[in-house]
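Protein chains in written order, with this note's numbering: chain A, 1 to 390; chain B, 1001 to 1067. The next block holds one structure in the form of structure tokens; read it before the comments.
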Amino acid sequence: MTEFDVVVVGGGPAGSMAAWYAAKGGARTIILEKDRDIGYPVRCGEAVSDAGLRQFVEPEPNWIAATISKIRMVSPNGTVIDTAGQALGYVLHRRIFDYDIANKAAQAGAQILTKAYVTGLRFDDGRVTGVEYDYLGEKRTLSAKIVIGADGVESRVGRWAGLRTALKLRDTESCVQFSVANVDVDPERIDFYVGHTYAPGGYLWVFPKGNGKANIGLGVVGTEAKHYKAIDLLNRFMAKEFPNASTLTMICGGVPVAKTVKKYTADGIMLTGDAARMVNPMTGGGIISGMHGGKLAGMTAAEAVEAGDYTEKFFDRYVKRWNKAGGDDHARLYRIADAVDSLSDSDLDDIAAKLTKVPQEKRSLLKIFSTAAKKRPGILIDVAKAFAGF
Amino acid sequence: MIHIKENKCDFCGTCVAVCPVDAIEMAEADLKIIHETCIDCDICVWVCPIDVLESRVNPEEEEVASD
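Next comes the structure, spelled out in structure tokens:
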């Protein structure tokens, strides 16, 4: 049986960041990825804020499909609110981006294995001590001082260690996205369509990807998904708004819009990224949160290896670091998202109508929301902030 | 009993995420319901974005439906 200090399950941005920082800190590290590729299939709208990304890496030109400087919100009756600012962010080519982040982990010394499907954990006296996995039909085991579960929204690694990660329906967005060609969209603007008409309990997005291409998708909250299927709503929208579009990729997926799970560490194991529900609960954005969580988990793992202490108690420093970096903020956004959910389509239309009266030059996102929205202005400022940071 | 419609699943894992009893297994291109563990709560059926899962009352009905 091969032995590692740190085994990371999942090779998305959270897993790669964790492996990068664990390896950088001197830990013998491996990533096990179940799919044949790092970065594919892309289950993501691919939008990311510039400031968020720069916390970790300098954006590379070949990652960027579109540079975003404008945001449009469309209310249920079609009222349009446009805002413009500086370079706010990007729509990424996740396939290339994920490869490069994994490459950083590899360059720091981490090994990476794809087609490696983790089927269970190994335990010794209640402590996690490794994983069992299938590699091209062959059953294998790896022993590890620490397992980092970065296995995404569908995470089972935590459950096997007794961590309760099952998502509640109200905390899950049921999503479908088409990556389309031949659509006439502003190449620098991301659009959000809000309200029950488009996406009950969620929103619909149009993110440009350059050369007449775009990611167009929507999410329906789990509690409404019994009555409204994401695929039907999206097909209806496409037929109405973009009848000439060609679909290059169709993908579906679940997006957590939850607070970070209550407990995401135990002896020998830490969860990170979507697996720990480290996602902005207002927008469902998970790239930056996942990278941040992954980095902190990886740093902590390297420190634990150096200290020879793999206990839950040692991992407290990971929990403290994450709360400061995003966890506390997400708990606050979760409460706000809850309040926004209570706004009806006509509430949203009223707010949009007021916003259109604010002169365009004053429409910095924060200003329009603070000056025009009489209805729960505080809430809406926070909504705007959440979207501006994706 | 939860039934997986053939050739429809995209293996996105949304059903796995919401399953309260960890009764769904998913590999790169393989989805399985662990019927011994499943409690037939149906929330996987509701949350599926593309309507891959369906709930059938009993195995006999399933046989009739597949005939």
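All C-beta atoms, glycine included, are put in the ideal place defined by N, C-alpha and C. The model shown is predicted, which means the values in this text are computed figures rather than measured ones.
{"Query": "Segment limits, beta strand (DSSP E) that includes Lys1032/B", "Result": "Asp1030 to Ile1033"}
{"Query": "Interface residues of chain A facing Glu1006/B [CB-CB closer than 7 Å]", "Result": "Within 7 Å Cβ-Cβ: nothing; Glu1006/B doesn't reach chain A, min ~17 Å."}
{"Query": "Alpha helix (DSSP H) runs contained entirely in the stretch 274-334 of chain A, provided each spans 4 or more residues", "Result": "287-307 and 316-322"}
{"Query": "Anticipated Cβ contact below 8 Å, Cys1012/B with Ile1024/B, distance rounded", "Result": "About 12 Å; that fails the 8 Å criterion."}
{"Query": "Rounded distance between the beta-carbons of Glu303/A and Gly25/A, thought under 8 Å", "Result": "7 Å"}
{"Query": "Amino acids of chain B, ordered along the chain, whose beta-carbon sits closer than 9 Å to that of Ala166/A", "Result": "Ala1017, Val1018, Cys1019, Pro1020, Val1021 and Asp1022"}
{"Query": "Length at least 3, wholly inside the stretch 159-245 of chain A: the beta strand (DSSP E) runs in chain order", "Result": "172-181, 189-194, 203-210 and 213-221"}
{"Query": "CB contact check: Val1057/B to chain A, cutoff 8 Å", "Result": "no"}
{"Query": "Listed by chain order, chain B residues near Ser69/A by CB distance under 9 Å", "Result": "Chain B residues near Ser69/A: none, gap ~31 Å exceeds 9 Å."}
{"Query": "Three-way DSSP call (helix, strand, coil) for Tyr40/A in this model", "Result": "coil"}
{"Query": "Three-way DSSP call (helix, strand, coil) for Arg72/A in this model", "Result": "strand"}
{"Query": "Cys1038/B and Pro1020/B closer than 8 Å at C-beta", "Result": "no"}
{"Query": "Coarse secondary structure for Lys139/A, derived from DSSP in three states", "Result": "strand"}
{"Query": "Rounded separation between Ala66/A and Pro59/A - CA only", "Result": "12 Å"}
{"Query": "Alpha helix (DSSP H) segment containing Gly52/A, residue limits", "Result": "Asp50 to Arg54"}
{"Query": "Neighbouring residues, chain A, relative to Cys1012/B (Cβ below 7 Å)", "Result": "Arg43, Cys252, Gly253 and Gly254"}
{"Query": "First and last residue of the uninterrupted alpha helix (DSSP H) at Val9/A", "Result": "Per DSSP, Val9/A belongs to no alpha helix (DSSP H); it is in the beta strand (DSSP E), Thr2 to Val9."}
{"Query": "Beta-carbon proximity of Met282/A to Leu355/A, cut-off 8 Å", "Result": "no"}
{"Query": "Residues bridged to Gln424/A [DSSP beta-bridge criterion]", "Result": "Outside the displayed range of chain A (1 to 390) lies residue 424/A, so it cannot be described from this structure."}
{"Query": "Of the residues Val176/A, Gly202/A and Gly290/A, the one placed nearest Ala391/A, counting alpha carbons only", "Result": "An answer regarding residue 391/A cannot be provided, because it is not within the stretch 1 to 390 covered by chain A."}
{"Query": "Contact list for the stretch 85-118 of chain A against chain B, Cβ threshold 7 Å", "Result": "Tyr117"}
{"Query": "Neighbourhood of Cys394/A by C-beta, 6 Å cutoff - its chain only, sequence neighbours within 5 removed", "Result": "Absent from the structure is residue 394/A, since the part of chain A shown begins at 1 and ends at 390."}
{"Query": "Cutoff 8 Å: Ser143/A Cβ touching any chain B Cβ", "Result": "no"}
{"Query": "Chain B contact for Ile190/A (CB, 8 Å cutoff)", "Result": "no"}
{"Query": "Test item: CB-CB of Ala22/A and Ala301/A under 8 Å", "Result": "yes"}
{"Query": "Three-state secondary structure assigned by DSSP to Gly268/A", "Result": "coil"}
{"Query": "Arg335/A, buried or exposed, once every other Cβ within 10 Å from all chains shown has been counted against 16", "Result": "exposed"}
{"Query": "Cross-chain neighbours of Thr247/A in chain B, by beta carbon under 7 Å", "Result": "Simply none; closest approach about 14 Å."}
{"Query": "Presumed contact (8 Å Cβ cut-off) between Leu32/A and Val9/A, rounded CB distance", "Result": "6 Å"}
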